[in-house]
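One structure below.
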Amino acid sequence: MTRPVAPRQAAATAATTTAPDPAGKASPAHTPDEMTASGATADPSGATTDMSPPTVDASGVTAGASGVTRVAGGWAGVLLTAARPAGPMLVLAVVAGVGAAGAAIGLIATSAWLISRAALHPPVLHLMVAIVAVRAFGISRGVLRYLERLVGHDAALRTLTELRVRVFRALAERAPAGLAAFRRADLVQRLVADVDAVVDVLVRVLLPVTIAAVVGAGSVLLVGSMLPAAGVALAVGLLVVCVGVPLLQGLVARRADGLLAPLRAELSTGVVDLLHGLPDLIAHGAAGARLAAVADTDARLRAAERRSAAATGVGAAVTVLSSGIGMLVGLVAGAVAVRAGRLDGELLAVVVLTPPAVFEAVSGVPAAAQRLAGAREALRRIAAVFAAPLPATEPADPAPLPTGPHTLRLAGVHAGWSADRPVLRGFDLTLEPGQRIALVGPSGAGKSTVAALLVRFLDPTAGRITLDGVDLRDLRGDDVRQVIGYLGEDAYLFDTTVERNLRVARADATTAELEEALRAARLLDWARALPQGLGTPVGEHGVLLSGGEQRRLALARALLMPFPIMILDEPTEHLDERTAAELTADLLRATRGRTVLLITHRTEGLSDVDSVVHVGRGCAPR
Numbered sequence: 002m003t004r005p006v007a008p009r010q011a012a013a014t015a016a017t018t019t020a021p022d023p024a025g026k027a028s029p030a031h032t033p034d035e036m037t038a039s040g041a042t043a044d045p046s047g048a049t050t051d052m053s054p055p056t057v058d059a060s061g062v063t064a065g066a067s068g069v070t071r072v073a074g075g076w077a078g079v080l081l082t083a084a085r086p087a088g089p090m091l092v093l094a095v096v097a098g099v100g101a102a103g104a105a106i107g108l109i110a111t112s113a114w115l116i117s118r119a120a121l122h123p124p125v126l127h128l129m130v131a132i133v134a135v136r137a138f139g140i141s142r143g144v145l146r147y148l149e150r151l152v153g154h155d156a157a158l159r160t161l162t163e164l165r166v167r168v169f170r171a172l173a174e175r176a177p178a179g180l181a182a183f184r185r186a187d188l189v190q191r192l193v194a195d196v197d198a199v200v201d202v203l204v205r206v207l208l209p210v211t212i213a214a215v216v217g218a219g220s221v222l223l224v225g226s227m228l229p230a231a232g233v234a235l236a237v238g239l240l241v242v243c244v245g246v247p248l249l250q251g252l253v254a255r256r257a258d259g260l261l262a263p264l265r266a267e268l269s270t271g272v273v274d275l276l277h278g279l280p281d282l283i284a285h286g287a288a289g290a291r292l293a294a295v296a297d298t299d300a301r302l303r304a305a306e307r308r309s310a311a312a313t314g315v316g317a318a319v320t321v322l323s324s325g326i327g328m329l330v331g332l333v334a335g336a337v338a339v340r341a342g343r344l345d346g347e348l349l350a351v352v353v354l355t356p357p358a359v360f361e362a363v364s365g366v367p368a369a370a371q372r373l374a375g376a377r378e379a380l381r382r383i384a385a386v387f388a389a390p391l392p393a394t395e396p397a398d399p400a401p402l403p404t405g406p407h408t409l410r411l412a413g414v415h416a417g418w419s420a421d422r423p424v425l426r427g428f429d430l431t432l433e434p435g436q437r438i439a440l441v442g443p444s445g446a447g448k449s450t451v452a453a454l455l456v457r458f459l460d461p462t463a464g465r466i467t468l469d470g471v472d473l474r475d476l477r478g479d480d481v482r483q484v485i486g487y488l489g490e491d492a493y494l495f496d497t498t499v500e501r502n503l504r505v506a507r508a509d510a511t512t513a514e515l516e517e518a519l520r521a522a523r524l525l526d527w528a529r530a531l532p533q534g535l536g537t538p539v540g541e542h543g544v545l546l547s548g549g550e551q552r553r554l555a556l557a558r559a560l561l562m563p564f565p566i567m568i569l570d571e572p573t574e575h576l577d578e579r580t581a582a583e584l585t586a587d588l589l590r591a592t593r594g595r596t597v598l599l600i601t602h603r604t605e606g607l608s609d610v611d612s613v614v615h616v617g618r619g620c621a622p623r
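So in the working numbering, the last spot in the sequence shown is 623, and the numbers never skip.
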């Protein structure tokens with residue numbers, strides 16, 4: 002039966018840290034234990050499966066990766082979807098902008114007529130309408146311009162906020178399994194700089210182009226009604242500025258504009274990698290080469306920006322030239338018409354001075370076209386985030402969460418970080434209430450994949466995973482993660498205090514509860530001895546703590562939540578044998594009374610577990 006699904010909601014368990022390592026190799030089948038039937042079948046050929054994360058191109062998107070797709074015209078869909086809620090405000094901004102530009106042109110035209118007419122010394126009453134019109138145009142121009150900027154930027158910033166939230170939600174829905182094709186720095190670039198490009202598109206592209214189209218058409222009709230030849234000349238000049246110049250700029254800087262967003266992402270990624278890996282790079286004498294690579298990326302970015310700026314300069318020059326030619330044509334044609342008696346002398350000034358005001362109103366079109374060319378790539382990169390597949394889908398009609406005691410069962414599960422390259426084949430495992438099982442196996446055997454499946458970071462491609470008989474795919478991911486806690490291999494510690502890192506799990510936890518969690522993780526005496534106690538900073542990624550302290554602090558954070566089931570994924574990774582054995586014992590002691598799945602590649606220190614399941618080597622019950 003087909004399972005209806007809805008977009009997965011963003012969720013994060015209190016103990017959730019970094020993504021389980023998607024790298025893995027298939028392992029041979031092993032025999033099931035009669036108490037914890039566990040099986041993992043490799044590819045029948047026995048060949049290993051390379052599950053390392055795919056490589057990325059300069060844009061941060063996998064080249065040909067199955068996990069990320071680019072949809073033709075997707076950038077336009079992203080823009081329209083984001084701008085739709087602000088549609089009425091954008092329409093108001095366009096109306097105000099047209100009014101402001103029209104008032105500016107009306108001010109110039111009316112002033113030109115008024116001065117020319119006044120030179121003939123008519124009765125002052127004949128000038129009163131023009132005088133009032135000049136005042137009205139002058140006042141309304143400023144008011145409408147302010148309104149256009151206020152409403153337009155408000156709409157753009159609201160759209161920016163909405164789109165940024167949507168992008169973040171899309172990232173959260175796909176994390177961690179669905180983001181293997183992206184670099185972290187590149188994701189930050191997409192969330193920040195690429196989303197900022199939307200403001201440019203709305204405020205500096207859509208608004209000026211729409212306003213220019215309306216004002217330009219109206220001005221051609223106005224001038225053409227007085228002198229057809231001048232109207233034709235103005236229309237030709239506007240076509241040159243609004244169509245010809247963008248095409249010329251495209252020829253000059255199309256490639257450069259398309260490279261700006263990817264090069265900025267590449268530079269951001271390079272700088273972040275350089276900063277994070279600086280100690281190792283210095284130790285191996287490779288800092289110079291890495292710095293040179295970053296400098297090369299920066300040089301290519303500067304070159305693209307210079308080429309883009311050159312195109313902008315060409316557009317500005319052609320716009321000024323077109324304005325001057327339009328004025329000159331109007332002057333010559335108007336003078337001929339006045340001599341022939343086909344045009345009043347007062348209107349000659351209007352015909353000559355109106356085109357510069359019109360060209361000023363449409364002068365933003367070439368720059369808008371160039372900004373759109375640069376923003377398209379940024380919007381495509383955002384579209385690629387939305388196009389990334391959901392590794393776990395939320396049910397349209399979720400089942401209620403079972404009340405427990407909870408039994409977890411995996412039956413015939415096939416799963417992997419790529420749909421066409423499963424790591425697990427026919428995997429079986431049962432976790433009874435209160436049972437403590439160690440899942441042991443080499444790197445790449447699929448242990449972390451099991452953890453991702455159990456906390457609904459990933460859905461199986463075949464088989465079933467049930468919680469008290471209810472398929473996990475019928476439960477909301479947030480509900481599952483209220484029952485199953487996950488302590489990852491590299492628990493993320495925020496660059497803040499010990500207390501605030503603990504409160505990530507429970508913001509309302511009392512000081513006594515924090516201390517109890519630290520006591521269970523054997524960190525209470527350590528925390529009390531810190532210079533500022535629980536208010537002591539831990540540094541970025543917990544750099545001010547030792548490896549053992551980092552893992553114990555992550556354990557304390559996980560223990561703050563009353564998870565009946567705990568998944569401990571490689572908690573002793575990168576620790577020496579003695580520290581690893583002590584931490585394993587403390588983990589099992591602190592989680593006594595809970596169902597525990599301890600994932601590790603070590604066999605030492607497992608005397609307190611009920612059963613040891615060797616992935617790929619059979620099962621050894623203990």
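Ideal Cβ positions, reconstructed from N, Cα and C, are used throughout, including at glycine. Since we're looking at a predicted model, the values are computed, not measured.
Cβ of residue i within 7 Å of any heavy atom in the ligand ZN?
i           : result
residue 111 : By its list of ligands, the structure shown contains no ligand whatsoever, and the ligand ZN lies outside what it can speak to.
According to DSSP, which residues form a beta bridge with residue i?
i           : result
residue 437 : 597
residue 511 : Looking at the DSSP assignment, residue 511 forms no beta bridge with any residue, so it has no partner.
residue 428 : 414
residue 486 : 567
residue 467 : 410 and 472
residue 419 : 422
residue 1   : With the chain represented from 2 up to 623, any question about residue 1 goes unanswered, as that position is not in the structure.
Give a yes or no on whether 8 Å exceeds the smallest Cβ distance from residue i to chain C.
i           : result
residue 183 : Absence of chain C from the displayed structure is noted, only one protein chain being present.
Rounded to a whole number of angstroms, what is the C-alpha to C-alpha distance between residue i and residue j?
i           : j           : result
residue 354 : residue 79  : 42 Å
residue 449 : residue 90  : 49 Å
residue 492 : residue 88  : 43 Å
residue 566 : residue 175 : 23 Å
residue 557 : residue 195 : 37 Å
residue 73  : residue 472 : Per-residue confidence for residue 73 stands at a pLDDT of 38, beneath the threshold of 50, marking its modelled position as unreliable; the derived number appears in the next sentence. Using only the alpha carbons, I get a separation of about 36 Å.
residue 529 : residue 535 : 7 Å
residue 112 : residue 131 : 8 Å
residue 193 : residue 262 : 12 Å
residue 180 : residue 330 : 59 Å
residue 38  : residue 157 : Confidence is the limiting factor: at residue 38 the pLDDT is only 38, short of 50, which leaves the residue's position unreliable and the question unanswerable from this model.
residue 542 : residue 607 : 29 Å
residue 376 : residue 308 : 16 Å
residue 418 : residue 459 : 8 Å
residue 1   : residue 605 : Because the chain in this structure spans residues 2 to 623, residue 1 falls outside the shown range and cannot be described.
residue 603 : residue 269 : 37 Å
Below 8 Å between beta carbons: does that hold for residue i and residue j?
i           : j           : result
residue 225 : residue 232 : yes
residue 366 : residue 213 : yes
residue 437 : residue 611 : yes
residue 599 : residue 561 : no
residue 587 : residue 523 : yes
residue 371 : residue 533 : no
residue 109 : residue 238 : no
residue 168 : residue 485 : no
residue 216 : residue 359 : yes
residue 206 : residue 369 : yes
residue 164 : residue 135 : no
residue 513 : residue 503 : no
residue 230 : residue 152 : no
Pick from the options: whose alpha carbon is nearest that of residue i?
i           : options               : result
residue 390 : 90, 479, 516 and 177  : 177
residue 275 : 334, 291 and 260      : 291
residue 435 : 594, 614 and 189      : 594
residue 413 : 463, 97 and 211       : 463
residue 299 : 286, 285, 267 and 278 : 267
residue 393 : 101, 244, 81 and 456  : 456
residue 191 : 265, 120 and 151      : 265
residue 363 : 603, 211 and 185      : 211
residue 148 : 165, 118 and 102      : 102
residue 202 : 270, 77, 318 and 551  : 77
residue 92  : 554, 166 and 208      : 208
residue 138 : 151, 401 and 105      : 105
residue 243 : 406, 320, 461 and 386 : 320
residue 425 : 601, 346, 252 and 452 : 452
My parser needs the beta strand (DSSP E) runs of 3 or more residues fully inside the region 523–602; what are they? 566–570 and 596–601
Fully enclosed by the region 385–411, which alpha helix (DSSP H) runs are 4 residues long or longer? none
Length-filtered (4 minimum) alpha helix (DSSP H) runs lying within the region 247–309: Listed in chain order, the alpha helix (DSSP H) runs fully inside the region 247–309 are 279–284, counting runs of at least 4 residues.
Going residue by residue through the region 319–364, where are the continuous alpha helix (DSSP H) segments of at least 4 residues, counting only ones entirely within it? Complete alpha helix (DSSP H) runs here, min 4: 346–363.
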